[in-house]
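K.L.:
In my numbering, the protein residues as written are 1 to 940.
Can you keep this structure in mind? I'll have questions shortly.
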Amino acid sequence: MMPLSPSPEALLLEHCNEILLLVDGASLAIRMANQGALRHLGYRLEALEGRPITDIECSLADIFFWEDVRQGIAPEMQGADATYLMANGELLSVTRNISRADHHSGLLVICATPVGQLRRTEAELADMGARLRATLEATADGILLMDRSGAIVNMNRRLSCLWQIPEALLLAHDDQAIQSYLASRMADPEAYLRRMAEIRPDEEDETLDVLQLADGQYFERKSRPARQNQLIIGRVFSFTDITARKTSETRLKLAASVFTHAQEGIMITDPHGTIVDVNETFTRITGYSRAEALQHNARILSSGRQGPEFYAALWRDLSLKGHWQGEIWNRRKDGTLYAEMLNIAAVRNEAGQICHYVALFSDITTIKEHQSQLERIAHYDALTGMPNRVLLADRLQQAIARTRRDSKLMALVYLDLDGFKEVNDTHGHETGDELLIAISQRLKDTLRAGDTLARLGGDEFVVVLTDLDGMEECKLVLERLLRAAAASIPIKGVALQLSASLGVTLFPHDGSDADTLLRHADQAMYQAKQGGKNRYHLFDPERDRQAKTHWESISRLTQALEQREFELFYQPKVHMRSGQVMGAEALLRWRHPERGLVAPGEFLPMIEGTDLIAQIGDWVMDTALAQMSQWQQAGLKMPVSVNIAAHHLQKEDFLPRLLEKLARHPDIPPTWLELEVLETAALEGIAHISRVIEGCRALGVDFSLDDFGTGYSSLTYLKRLPAGVLKIDQSFVRDMLWDTEDLAIVEGVIGLAAAFRRSAIAEGVESAAHGALLLRLGCELGQGYGIARPMPADQVLDWVRTWQPEQSWQAPHNAPLSRDDMATAYAEVDLRHWCRALEHHLLGAIPAPPPLASPECHFGQWYAGAGRARYQEQALFAPLGELHEQLHQLANRLVAEKAAGRETDLEPALAQLLELQDQLIAGLQQLPLALHPTPRPGTA
Numbered sequence: 001m002m003p004l005s006p007s008p009e010a011l012l013l014e015h016c017n018e019i020l021l022l023v024d025g026a027s028l029a030i031r032m033a034n035q036g037a038l039r040h041l042g043y044r045l046e047a048l049e050g051r052p053i054t055d056i057e058c059s060l061a062d063i064f065f066w067e068d069v070r071q072g073i074a075p076e077m078q079g080a081d082a083t084y085l086m087a088n089g090e091l092l093s094v095t096r097n098i099s100r101a102d103h104h105s106g107l108l109v110i111c112a113t114p115v116g117q118l119r120r121t122e123a124e125l126a127d128m129g130a131r132l133r134a135t136l137e138a139t140a141d142g143i144l145l146m147d148r149s150g151a152i153v154n155m156n157r158r159l160s161c162l163w164q165i166p167e168a169l170l171l172a173h174d175d176q177a178i179q180s181y182l183a184s185r186m187a188d189p190e191a192y193l194r195r196m197a198e199i200r201p202d203e204e205d206e207t208l209d210v211l212q213l214a215d216g217q218y219f220e221r222k223s224r225p226a227r228q229n230q231l232i233i234g235r236v237f238s239f240t241d242i243t244a245r246k247t248s249e250t251r252l253k254l255a256a257s258v259f260t261h262a263q264e265g266i267m268i269t270d271p272h273g274t275i276v277d278v279n280e281t282f283t284r285i286t287g288y289s290r291a292e293a294l295q296h297n298a299r300i301l302s303s304g305r306q307g308p309e310f311y312a313a314l315w316r317d318l319s320l321k322g323h324w325q326g327e328i329w330n331r332r333k334d335g336t337l338y339a340e341m342l343n344i345a346a347v348r349n350e351a352g353q354i355c356h357y358v359a360l361f362s363d364i365t366t367i368k369e370h371q372s373q374l375e376r377i378a379h380y381d382a383l384t385g386m387p388n389r390v391l392l393a394d395r396l397q398q399a400i401a402r403t404r405r406d407s408k409l410m411a412l413v414y415l416d417l418d419g420f421k422e423v424n425d426t427h428g429h430e431t432g433d434e435l436l437i438a439i440s441q442r443l444k445d446t447l448r449a450g451d452t453l454a455r456l457g458g459d460e461f462v463v464v465l466t467d468l469d470g471m472e473e474c475k476l477v478l479e480r481l482l483r484a485a486a487a488s489i490p491i492k493g494v495a496l497q498l499s500a501s502l503g504v505t506l507f508p509h510d511g512s513d514a515d516t517l518l519r520h521a522d523q524a525m526y527q528a529k530q531g532g533k534n535r536y537h538l539f540d541p542e543r544d545r546q547a548k549t550h551w552e553s554i555s556r557l558t559q560a561l562e563q564r565e566f567e568l569f570y571q572p573k574v575h576m577r578s579g580q581v582m583g584a585e586a587l588l589r590w591r592h593p594e595r596g597l598v599a600p601g602e603f604l605p606m607i608e609g610t611d612l613i614a615q616i617g618d619w620v621m622d623t624a625l626a627q628m629s630q631w632q633q634a635g636l637k638m639p640v641s642v643n644i645a646a647h648h649l650q651k652e653d654f655l656p657r658l659l660e661k662l663a664r665h666p667d668i669p670p671t672w673l674e675l676e677v678l679e680t681a682a683l684e685g686i687a688h689i690s691r692v693i694e695g696c697r698a699l700g701v702d703f704s705l706d707d708f709g710t711g712y713s714s715l716t717y718l719k720r721l722p723a724g725v726l727k728i729d730q731s732f733v734r735d736m737l738w739d740t741e742d743l744a745i746v747e748g749v750i751g752l753a754a755a756f757r758r759s760a761i762a763e764g765v766e767s768a769a770h771g772a773l774l775l776r777l778g779c780e781l782g783q784g785y786g787i788a789r790p791m792p793a794d795q796v797l798d799w800v801r802t803w804q805p806e807q808s809w810q811a812p813h814n815a816p817l818s819r820d821d822m823a824t825a826y827a828e829v830d831l832r833h834w835c836r837a838l839e840h841h842l843l844g845a846i847p848a849p850p851p852l853a854s855p856e857c858h859f860g861q862w863y864a865g866a867g868r869a870r871y872q873e874q875a876l877f878a879p880l881g882e883l884h885e886q887l888h889q890l891a892n893r894l895v896a897e898k899a900a901g902r903e904t905d906l907e908p909a910l911a912q913l914l915e916l917q918d919q920l921i922a923g924l925q926q927l928p929l930a931l932h933p934t935p936r937p938g939t940a
């Protein structure tokens, strides 16, 4: 059978050059394709039939069109441009018509003609894409494009930086993972996801949201529909970082809230004192409304109780320091006075000029009144109204000082009533109290102006008589006291009569302190009672007994010297930077048969100024020279310094005796022996001692001034005393880590030593921190418990062999500081002082904490002022501010918990506090090194 010939329609479809496709409108599946379609697109027929049309028409607009077709809402299309995905992956530009095959089948016929503009279209698309990318990258906002399905189409670099999207996540092109990451950055991830679900990409609405991130940042998010030929093809999201704006808004709201609701009165004035604003508490305290106060000078509050000098000092502090704090009395609108605690601070503009003053004050009138009541209760006897024991102690100290100054006589009288107990037992305590009131008033009436009558308790009184010209004047007052106490007093219709026994001691004849004077007067009062009462007795200091005790002490110490009970301990002196042992100081000890080892401070003062002190000094020098010989034979060359008393040094034969001692030890160079004399002792007979020092130096024996800084430290004296070494007193060195005044003294002594070409050595080096600070101050010689305690001679050799200096002492940051960098040492000490004060407050040792606001502590003031001016360009400087803020935040929390009465485990908190302190100090010490990276002169 012959095959049937194809129909004309089949031939037409077979040889047609256009692309003809038959598409199911419901499923979008390709039902038929002609040879032209297969030829132009490069597919086999089986690869196309049944395939969704959106697989080859894959532009975003085409996808949206076919989605509308599926929903039955797309119109027929004539002459529309389209792009087909070819089998080889290339794109083919066509012009297409789309029409319905009939009204019942739901089939659509696509007739597409290749237009031959593929390359031009690609270029245009590439150009448009580049312009779009450049636009996206140029904006300061983060941009995110989503299509109608919610898929991410594009985003700019700013978005990834703003959200800190990991690069691996960007490369994965996983839209869901990116959205999940964005949600994870939020303070409330669930709320973020719910809101994103509410914003539909295909809707017309524009949105505006503020997003809060978990790290405290704030983003403003805007979105609007993206269109193409009026067709919504997706949504554009823009993100702006508004953290700084939110922070400013929060601060402004907080400042306004604080101003409005503060429990302290707040007044703001211009530089001339004119009031520009006040808060509600100001009105409540002063009685002036805001309207009444504005544009008036702050002088409307003046009470007149402070004189011009007070306000002159106030304005001087404001001008020099920028702040003033203190108590002041002001006047309310109704004329009543009130006391206030006032704090005024100057506010400067960007040019550094004062533009306003801010005054914060609180009404402390009630506190002052209560304080006055407490002071009266604390200082006055509740029954008689006379000064009590506390106030007596104060007035007695004042009387002693005035008596010394005026070269007058003072009498301290201890008065005890005779027979008062019998009145109490017979007539009752109420009558006894009335009698005490009456007698105390009579006793007071007999005294002169300036004298003091105080009641100690019961029937015991003390009288302080000042400005006496002699004993005769004192006797007149004592007689009047006896008569007043013995006068008859009617109480409840009964005439009562007592007498008094008086014990008297005279100052300065009795040169004791206040407590001892009172005890002596008490002892004399008992003598008066034993002598028959109604009389006075003058205290006898028993000088014979005291002299006897003194000579017994000298005799016992003489015996100790003869019986070889004394021995020398040695404390090494080292060069802290190099670790070299420079010598040792010989220290006297008394090996007492019963008491054991006795320190020299317990026995040397007893023999100061006697010949025995010189005999012991000779023994010390002999013993030290002999010990140096023994060490030299063992291979140790150890110079030794010995302490010499002023009385010993002033002996006429001191130089010949020293020369004899050196001659007995010819193997010991005289330069190995150093004599130490107290600075205060050297000033006694300075001319003679200066000559002795010159004579010793001629022999090769040098001198050092011990405890330098505790005496006059006069430049004239220093010039006249040719000692080669200044020993900085340990009391200053020990406390210089947290006391800037002691630090200043140490720095000054080191400077004096350098200026006069003397060596300086620091006593009291008790820790590595002491040594490090001394090295930065320029002092490299030290001794103290942080290096070695005093030890017997037989332990010195082993110590020298094993001694190693602190490693930190060789660190570059412990090089001597320049004058401009010296402020870092003071900032370090201020920081330690602040931390120590906070620790003492938390442990209950002191009632008030140090300044808790970081700009108000001394370190904060240095950091914001001189520190910033010199070091702000250094990378190490900014982290110090952050650490300082952390320190104050921790302090505020701990103080608040203490104030609230909450139990806090202080041990870890204080450990954290000290850790922050140490980090701050470590960074602070590096600043000069960062500014001067090369070693400075004087570094080892």
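Every residue, glycine too, gets a C-beta built ideally from N, C-alpha and C.
These figures come from a predicted structure and were not determined experimentally.
(1) Taking the straight line between their C-alpha atoms, what separation do you get for L21 and H103?
(2) List the endpoints of the continuous alpha helix (DSSP H) containing C161.
(3) On the CB-based measure, 16 or more other CB atoms within 10 Å of its CB, does T403 come out buried or exposed?
(4) Opposite N349 in the DSSP bridges: which residues?
(5) According to DSSP, is P225 helix, strand or coil?
(6) If I follow the unbroken alpha helix (DSSP H) through Q78, where does it start and stop?
(7) Evaluate the contact criterion for the stretch 490-508 versus the stretch 523-535: three or more CB pairs, one atom per stretch, below 8 Å.
(8) Starting from the C-beta of I377, find all residues in its chain whose C-beta is less than 7 Å away, skip the five residues before and the five after it, and write them out in chain order.
(9) Should S319 go down as buried or exposed, given a rule of 16 or more other Cβ atoms within 10 Å for buried?
(10) Check S407 in the structure and name its three-state DSSP category.
(11) Are L775 and M576 touching if we call contact CB-CB under 8 Å?
(12) Could you tell me which of V895, A80, S808, H813 sits nearest to N229, measuring between CA atoms?
(13) Closest by CA to V677, which one among V642, P666, P812?
(14) What is the residue span of the beta strand (DSSP E) that Y570 lies within?
(15) Is Q925 buried or exposed, if buried means 16 or more other CB atoms sit within 10 Å of its CB?
(16) Report yes if the C-beta distance between M186 and A168 is below 8 Å; otherwise report no.
(17) From the DSSP output, in three-state form, read off V640 for me.
(18) Suppose the cutoff is 8 Å on Cβ atoms and the five residues either side in sequence are ignored; what does the same chain contact list for F654 look like?
(19) Excluding the 5 residues flanking P792 on each side, which residues of the same chain have their C-beta closer than 7 Å to its C-beta?
(20) Just to confirm my understanding: we take E763, look at its own chain, exclude 5 residues before and 5 after, and list those with CB closer than 7 Å. What are they?
(21) Is it true that the CB of L409 sits closer than 8 Å to the CB of V423?
(22) What does T452 pair with, by DSSP beta-bridge criteria?
(23) Closest by CA to L952, which one among D277, Q627, D416?
(24) Compare the C-alpha of D270 against each of N343, Q353, A837, E565 and name the closest.
(25) How would you write the range of the beta strand (DSSP E) that H647 sits in, first residue to last?
(26) Look at the Cβ atom of R305, then the Cβ atom of G273, and state whether they are nearer than 8 Å.
(27) For H323, which three-state DSSP category applies?
(28) Counting only the same chain and skipping the five closest in sequence on each side, list residues whose C-beta sits under 7 Å from that of G25.
(29) Thinking H40 and P114 are a contact (beta carbons under 8 Å), I'd like their distance in whole angstroms, please.
(30) Between the Cα of N534 and the Cα atoms of E479, K492, A514, R224, which residue gives the shortest distance?
(31) Just checking my contact of L561 with I607 at CB under 8 Å: how many whole Å lie between their CB atoms?
(32) Tell me the residue span of the alpha helix (DSSP H) that contains L752.
(33) Can you tell me whether DSSP reads V620 as helix, strand or coil?
(34) Can you list, in chain order, the residues of its chain with a C-beta nearer than 7 Å to that of P52? Leave out the 5 residues immediately preceding and following it.
(35) Taking DSSP as the reference, what is the three-state secondary structure of W590?
(36) Write down every uninterrupted run of the beta strand (DSSP E) in the stretch 824-861 whose length is 3 residues or greater and which is fully enclosed by it, in chain order.
P.N.:
For this structure:
(1) 18 Å
(2) 157-163
(3) buried
(4) Partner(s): none; N349 has no beta bridge.
(5) strand
(6) From DSSP, Q78 is part of no alpha helix (DSSP H) but of the beta strand (DSSP E) over 77-85.
(7) yes
(8) none
(9) exposed
(10) coil
(11) yes
(12) A80
(13) Out of V642, P666, P812, V642 has the C-alpha closest to the C-alpha of V677.
(14) 566-575
(15) Buried is the call here.
(16) Against a cut-off of 8 Å, the Cβ pair of A168 and M186 comes out as no contact.
(17) strand
(18) H648, V692
(19) F569
(20) K727, I728, D729, Q730, V733, Q783, G784
(21) no
(22) V464
(23) The requested residue 952 does not occur in the structure, where the chain is confined to residues 1 to 940.
(24) Q353
(25) No beta strand (DSSP E) contains H647, which is instead part of the alpha helix (DSSP H) from 646-649.
(26) no
(27) strand
(28) V69, G106, L107, L108
(29) H40 to P114, Cβ: 6 Å. Contact.
(30) Cα-wise, what sits closest to N534 is E479.
(31) The Cβ separation is near 10 Å, so there is no contact.
(32) 740-755
(33) helix
(34) L28, A29
(35) strand
(36) At a cut-off of 3 residues, not a single continuous stretch assigned as beta strand (DSSP E) sits fully inside the stretch 824-861.
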